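Throughout the sequence shown, residue numbering follows this note's numbering, covering 18 to 206 in sequence. First up is the structure itself, then whatever we jot down about it.
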Amino acid sequence: MNLLAKLPGLGPRSARRMVLHMLKRREALMLPLIAAMDAAVHNVETCVLCGNLGGNDPCEICRDPRRDRSIICVVEDVADLWALERSHAFRGLYHVLGGTLSALEGIRPADLRIDSLLERLASGEVKEVILALNATVEGQTTAHYVIEKLEDTGVGITKLAHGLPVGGELDYLDDGTLTAALQARRKTG
18 MNLLAKLPGL GPRSARRMVL HMLKRREALM LPLIAAMDAA VHNVETCVLC GNLGGNDPCE
78 ICRDPRRDRS IICVVEDVAD LWALERSHAF RGLYHVLGGT LSALEGIRPA DLRIDSLLER
138 LASGEVKEVI LALNATVEGQ TTAHYVIEKL EDTGVGITKL AHGLPVGGEL DYLDDGTLTA
198 ALQARRKTG
């Protein structure tokens with residue numbers, strides 16, 4: 018139970034309920050879960066190129082010849098990469114930084130995969146880098162640092178737009194979202 022309670026989104030009570038549920042259904046739940054976790058430990062690899070997790074190195078995305086190799090989307094974490102992939106809106110390549118700069122947590126530029134991003138750009142094949150970092154203080158600090166590091170590469174740098182979500186109502190939005198939406202406004206027509 019204590020190990021499950023350490024997982025994100027689970028506390029002691031949720032972990033206890035999960036363990037009790039699995040113990041009641043050992044054959045149907047617990048044994049397949051143990052087998053799946055064992056397979057993940059032995060078969061999931063980190064892609065040496067982009068940092069994605071999968072069954073191959075390089076990953077399926079990096080090996081896919083249909084991907085646009087002239088665009089790299091930089092994300093903080095593998096979960097962000099997977100979220101973008103679920104949208105089917107991006108057909109280029111990715112680069113997982115492995116976190117964001119944080120003085121409080123002691124995460125420095127050397128702790129992130131920024132140097133490997135620069136190595137990928139050295140080939141000259143990449144024309145655009147999209148910074149898809151979270152709209153947090155750490156995410157924006159990291160974006161600013163990456164922009165400084167990429168300035169002399171000649172690669173175009175863009176950032177995801179921030180602002181109003183589709184279907185969002187103004188009176189339900191926080192001040193930061195409204196401010197970002199106003200600052201990122203563009204002409205119509």
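Virtual Cβ for every residue (Gly too), placed ideally from N, Cα, C. Since we're looking at a predicted model, the values are computed, not measured.
Taking A96 as reference, the option from G173, R86, S31, G116 with the minimal CA-CA separation is G116. Assignment of T153 by DSSP, reduced to helix, strand and coil, places it in the coil class. The beta carbon of L27 sits closer than 8 Å to those of L21, M35, all from its chain and outside the five residues before and after it, given in chain order. A residue is called buried when at least 16 other Cβ atoms come within 10 angstroms of its Cβ; A201 does not meet this threshold and is exposed. Straight across, the Cα-Cα distance linking L48 with D81 is about 34 Å. Taking C-beta atoms as the reference points, T194 and G184 fail to come closer than 9 Å.
Pairwise C-beta distances place the stretch 114-131 in contact with the stretch 149-163, as three or more of them are shorter than 8 Å. Apart from the 5 residues on each side of it in sequence, F107 sits with its Cβ closer than 7 Å to the Cβ of C90, L101 in its chain, given in chain order.
Spatial neighbours of L98 in its own chain (CB-CB distance under 7 Å, excluding positions within 5 residues in sequence) are listed in chain order as N69, V92, Y111, V113.
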